[in-house]
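**Q** Can you read through this structure? Questions will come right after.
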Amino acid sequence: MEAARRPVAAALASMMENIRGKFSNRQGHSFGRFPMTSKRGPRNFYKGKGAKSTGFITKHGNFHRQEHKIEELVVPDFTDCDLRPYVSYRTPKLSTLKTDQA
Numbered sequence: 324m325e326a327a328r329r330p331v332a333a334a335l336a337s338m339m340e341n342i343r344g345k346f347s348n349r350q351g352h353s354f355g356r357f358p359m360t361s362k363r364g365p366r367n368f369y370k371g372k373g374a375k376s377t378g379f380i381t382k383h384g385n386f387h388r389q390e391h392k393i394e395e396l397v398v399p400d401f402t403d404c405d406l407r408p409y410v411s412y413r414t415p416k417l418s419t420l421k422t423d424q425a
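Numbering-wise, my numbering comes out as the position in the sequence shown, counting from 1, plus 323.
Here it is as structure tokens:
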């Protein structure tokens, strides 16, 4: 009798693996399946987009900017430069050969 139950149990286990996750509330909540965003979290959840903070929000809701946190971009002078941002597709490909010089 026990030998007859094994194929049935194996078939049921295989069927449960195929069904698992197809119906709601079978595996609990689905928070682990998708990335966490501010729309999926609680009311006060703030994730942000990876940008650096340049200040802080006061208790009155105003944003106070801190000058030492703001990035300063230093652009070199390109007035006498012959380089251009466009590279043609007709430019021959360069290859470097590795030589064993030891």
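Even glycine gets a Cβ: it sits at the ideal position worked out from N, Cα and C.
Which residues in the same chain as residue 379 place their Cβ atom closer than 6 Å to its Cβ, once the five residues preceding and following it in sequence are excluded?
**A** Closer than 6 Å at the Cβ level, and outside the excluded window around residue 379, lie 387.
**Q** Measuring straight from C-alpha to C-alpha, what distance separates residue 334 and residue 362?
**A** Near 40 Å, if we compare the C-alpha coordinates of residue 362 and residue 334.
**Q** Please list, in chain order, all residues of the same chain as residue 360 whose beta carbon is under 8 Å from its beta carbon, the five residues on each side excluded.
**A** These residues qualify, in order along the chain: 370.
**Q** Look at residue 393 and residue 414 and say whether their C-beta atoms are less than 8 Å apart.
**A** It is not a contact, given that the beta carbons lie outside the stated cut-off.
**Q** Tell me the rounded alpha-carbon separation between residue 322 and residue 404.
**A** The requested residue 322 is not part of the displayed model; the chain covers only 324 to 425.
**Q** With DSSP collapsed to three states, give me the class of residue 356.
**A** Helix.
**Q** For residue 417 and residue 400, what's the separation of their Cα atoms in angstroms?
**A** Near 28 Å, if we compare the C-alpha coordinates of residue 400 and residue 417.
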